Amino acid sequence: MWQSFSTVVLAGIGAFIANFAAKFIESWVRRSQQIETQRDADLHEIVATVKLIGELSEKFWTKSAAELGTEDLILQSHLKAEQHHLAEVIAEIFSGTDKWDCDIQVHKLATVATGGNFGEPDREAEPGRLAEILITVRALTREAKKGRRRLKRRLMA
Amino acid sequence: MKTISIADDFTKYPGGRYKKHGKGSGEEFREDFLVPNLEKDEQIIVVLDGTAGYSSSFLEEAFGGLVRRGFGRDRVHQLLKIRADGAFKTYETMIWQFVDTSRSENLAH
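Protein chains in written order, with my numbering: chain E, 502 to 658; chain D, 5 to 113.
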């Protein structure tokens, strides 16, 4: 009687543990997958933002502030906002050396895209900056992709 | 040690490089907030958080401009501390690169 009772209890405990373990592993795998998906989304966002900064710079630096009129102020705001967003996403996804490597490229991009006479009403067109901006856009994209590859992959993701 | 918040004490919307072209410039911030304190050899903490981002021209003029104005790099490093969180950390890195690469035009200070 006692033996069959303990068998039933132990079987119940075993079933509970097995069930619990299965659920635990399932949620752990799901969480790992979510983190990896989020990292991929962050990388796509970085690449898209960097590309957009290149496109905005094309419109901004090929004309003087006077030629652009109020469009100059709008493009300035977009460039600053995208630059800030870029720094934000990079700070969220990367840390340590990977962040530092990206930050170096962000600094280079910011220096050419929102440097010089950026924000001055007497700014002249500087199409010469474009080549450097587009080179830095490529370099930053590459650096972000390298950083993403180096992120330690979550187990069973 | 004095704490200066760019967003609270100066402007939430930092602008371009020069004062002559409007409010919120890097030159204005440097001349009205940084220089008077550094001249008194007072340590200052500049808080970057809370603004609508920074243009490189603002940061270069405000902080790199200190070296051009004659403050030695070592003195700037010694007296100036930056506080920044999250995305604003990137601007901190930029500031120190501007300070370290800016050329001195005046050795009076």
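Glycine included, C-beta positions come from ideal geometry on N, C-alpha and C. A quick note: this is a predicted structure, and the numbers were derived from the prediction, not measured.
Query                                                                                                                                                   : Result
Between 638(E), 566(E), 550(E), 649(E), which has its C-alpha nearest residue 612(E)'s C-alpha?                                                         : 638(E)
So, with DSSP's three-state summary, where would you put residue 553(E)?                                                                                : helix
Less than 9 Å between the C-beta atoms of residue 574(E) and residue 558(E), yes or no?                                                                 : no
Can you tell me which of 94(D), 80(D), 102(D) puts its alpha carbon nearest to the alpha carbon of residue 48(D)?                                       : 80(D)
Is residue 7(D) close to chain E, meaning its C-beta is less than 9 Å from at least one C-beta of that chain?                                           : no
Could you list which residues in chain E have their beta carbon closer than 7 Å to that of residue 57(D), in chain order?                               : 581, 582, 584, 585
Along the chain, where does the beta strand (DSSP E) that runs through residue 7(D) open and close?                                                     : 6-9
If you drop the 5 nearest sequence neighbours on each side, which residues of the same chain put their C-beta closer than 7 Å to that of residue 57(D)? : none
Distance cutoff 9 Å, beta carbons only. Does residue 638(E) sit that close to anything in chain D?                                                      : no
My guess is that residue 617(E) and residue 61(D) are in contact by the Cβ rule of under 8 Å, so how many angstroms apart are they, rounded?            : 6 Å
By the 7 Å beta-carbon criterion, what residues does the stretch 601-612 of chain E contribute toward chain D?                                          : 604, 607, 608, 611, 612
From which residue to which residue does the beta strand (DSSP E) around residue 641(E) run?                                                            : Residue 641(E) -> not in any beta strand (DSSP E); alpha helix (DSSP H) instead, spanning 629-651.
Which word fits residue 564(E), buried or exposed, when buried means at least 16 other C-beta atoms lie within 10 angstroms of its C-beta?              : buried
Can you tell me where the alpha helix (DSSP H) with residue 79(D) in it begins and where it stops?                                                      : 77-83
Since residue 91(D) meets chain E, which of its residues come closer than 7 Å, beta carbon to beta carbon?                                              : 585, 588, 589, 592
How many angstroms separate the CA atom of residue 82(D) from the CA atom of residue 42(D)?                                                             : 10 Å
Mind listing the chain E neighbours of residue 34(D)? Cutoff is C-beta to C-beta under 9 Å, in chain order.                                             : Neighbours of residue 34(D) on chain E: none; closest Cβ ~15 Å, over 9 Å.
Taking any Cβ of chain D, which residues in the stretch 619-635 of chain E have a Cβ under 9 Å from it, in chain order?                                 : 619, 620, 621, 622, 623, 624
Taking the alpha helix (DSSP H) that residue 567(E) falls in, what are its first and last residues?                                                     : 566-569
If you reduce the DSSP assignment to three classes, tell me which class residue 34(D) lands in.                                                         : helix
How many angstroms separate the CA atom of residue 543(E) from the CA atom of residue 561(E)?                                                           : 26 Å
Tell me whether the beta-carbon of residue 30(D) lies closer than 9 Å to the beta-carbon of residue 67(D).                                              : yes
Closer than 8 Å by beta-carbon distance: list the chain E residues that pair up with residue 79(D), in chain order.                                     : Per Cβ cutoff of 8 Å: no residues; residue 79(D) is ~23 Å from chain E at best.
List the DSSP bridge partners of residue 87(D).                                                                                                         : 51(D)
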